[in-house]
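One structure is given here, and the rest of the page talks about it.
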């Protein structure tokens, strides 16, 4: 039976990503099947420009970028100043949500478009 672990905490260097990496490696080395994802800051010239979604198996893709434009004909999803790459998130994160032990580092604030997305995926 799948178990879900949701880890939250204040933004910044409090150790959420480190905890996820170490806990998942410990579980894997004990033979426990583990899958999950976390987000990682993307910086350019010392400035945060967005986030990537990173799976525990090492796959990576864009989650959001400041001011990036959606593909023509695609609906734009925003969380604050960030445009969310919903297709990338669905390709990388959704399969993980259907698997074993699950680690999720970030839970977005109550942006209306994300609440709509969550409701349509439930």
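Numbering (this note's numbering), first residue to last: 10 to 131. Each residue gets a CB set at the ideal place from its N, CA and C atoms; glycine is no exception.
Secondary structure of residue i, DSSP reduced to three states
i	result
residue 22	coil
residue 30	helix
residue 38	helix
residue 16	coil
residue 59	strand
Residue i versus residue j - alpha carbon distance
i	j	result
residue 66	residue 58	24 Å
residue 45	residue 105	6 Å
residue 93	residue 75	9 Å
residue 73	residue 91	6 Å
residue 39	residue 84	43 Å
residue 33	residue 54	31 Å
residue 14	residue 29	10 Å
residue 69	residue 107	18 Å
residue 17	residue 89	19 Å
residue 41	residue 86	35 Å
residue 100	residue 64	11 Å
Distance between beta carbons of residue j and residue i, contact taken as under 8 Å
i	j	result
residue 102	residue 62	6 Å
residue 47	residue 27	No, residue 47 and residue 27 are not in contact; Cβ-Cβ is about 10 Å, not under 8 Å.
Span of the beta strand (DSSP E), counted from its first residue to its last, around residue i
i	result
residue 43	43-53
residue 65	No beta strand (DSSP E) contains residue 65, which DSSP labels as neither H nor E.
residue 87	86-88
Extent of the continuous alpha helix (DSSP H) run through residue i
i	result
residue 100	95-106
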